[in-house]
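Everything below concerns the one structure shown next.
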Amino acid sequence: MKKIRLADLRTAFISGLLLLAPIAITWMVFSWLVDFVGGAFRPILFPETLQVHPMLQFLWNILTMFLVIVLITGLGWLSRYVLGQFFANLAERFVLSIPGINSVYTTVKQVIDTFSAQNRNTFSKVVLLEYPRKGIWTVGFVTNKHQGLPQRMLLVETWTVFVPTTPNPTGGFMLLVPKDELIELDISAGEGMKMVISGGAVLPQSAPVEETR
Numbered sequence: 255m256k257k258i259r260l261a262d263l264r265t266a267f268i269s270g271l272l273l274l275a276p277i278a279i280t281w282m283v284f285s286w287l288v289d290f291v292g293g294a295f296r297p298i299l300f301p302e303t304l305q306v307h308p309m310l311q312f313l314w315n316i317l318t319m320f321l322v323i324v325l326i327t328g329l330g331w332l333s334r335y336v337l338g339q340f341f342a343n344l345a346e347r348f349v350l351s352i353p354g355i356n357s358v359y360t361t362v363k364q365v366i367d368t369f370s371a372q373n374r375n376t377f378s379k380v381v382l383l384e385y386p387r388k389g390i391w392t393v394g395f396v397t398n399k400h401q402g403l404p405q406r407m408l409l410v411e412t413w414t415v416f417v418p419t420t421p422n423p424t425g426g427f428m429l430l431v432p433k434d435e436l437i438e439l440d441i442s443a444g445e446g447m448k449m450v451i452s453g454g455a456v457l458p459q460s461a462p463v464e465e466t467r
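Written out as structure tokens, the structure is:
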């Protein structure tokens, strides 16, 4: 059996103290807020009633605790969504003011915004198409299958395809391609984006399984 040393007990005591310290401080602050809020309004609303009726005093303490919880929640929301956004915008302006770093930051931010969860739904399918000439294939993303005025003028069913540039996919070309000239890939839009951004260094594991022609 391992012998318990005094140093081990001291370390365990300090560890327990450090574990309890945040809880104790939180409880002290919360209790102080309840007493402060309750004590500040109690003489105004109930000059003598709470001293005579213990039940009313108990209910007043419950109401005060609820009010403190609401105030703390409001403060947390304010710090997270208002002050947090303010400091985030301040930090972004600081980064944009640094030569060299601002161009890298802007490019990365554009990539993230373009391929965010909201915009990624726009790229419904990943396709292969012959571009910029026959015999040369590139990766594109179908952004629309509806047959609007441009498609009706072509007298053939065409899909709107976005062909991004590499390695910065925020730029590219919008093409109207006949449906039967596209080969659909059985991969997600995220896998297609990785392939484009990496310049083809990262290849998806899935293989093309469906051909629309």
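Taking my numbering as reference, the numbering of the sequence shown is continuous, increasing by one, and the terminal residue is 467. Cβ coordinates follow ideal geometry from the N, Cα and C atoms, glycine included.
For the pair Leu408 and Gly454, the Cα-to-Cα distance works out to about 33 Å. The count of Cβ pairs closer than 8 Å, one atom from the region 434 to 441 and one from the region 378 to 392, reaches three, so the stretches are in contact.
Here the alpha carbons of Val322 and Leu287 stand approximately 7 Å from one another.
Shown here for Gly425: same chain residues with a beta carbon closer than 8 Å to its own, the five before and five after excluded, namely Pro418, Thr419 in chain order. Ile316 and Asp289 have their alpha carbons spaced roughly 11 Å apart. The three-state secondary structure of Ile441, taken from DSSP, is coil. For Pro432, the enclosing beta strand (DSSP E) has its first and last residue at 426 to 432. Residue environment: Phe377 is assigned as buried (16 or more neighbouring CB atoms within 10 Å of its CB, all protein chains considered). Burial is judged here by how many other beta carbons sit within 10 angstroms of a residue's own beta carbon; Val349 has fewer than 16 and is exposed. Selection Val450, Thr412, Leu325 evaluated against His400 yields Thr412 as nearest (Cα-Cα). DSSP, reduced to helix, strand and coil, places Val349 within a helical segment of the structure shown. Cβ-Cβ separation between Glu445 and Pro432: approximately 25 Å, too far for a contact (criterion under 8 Å).
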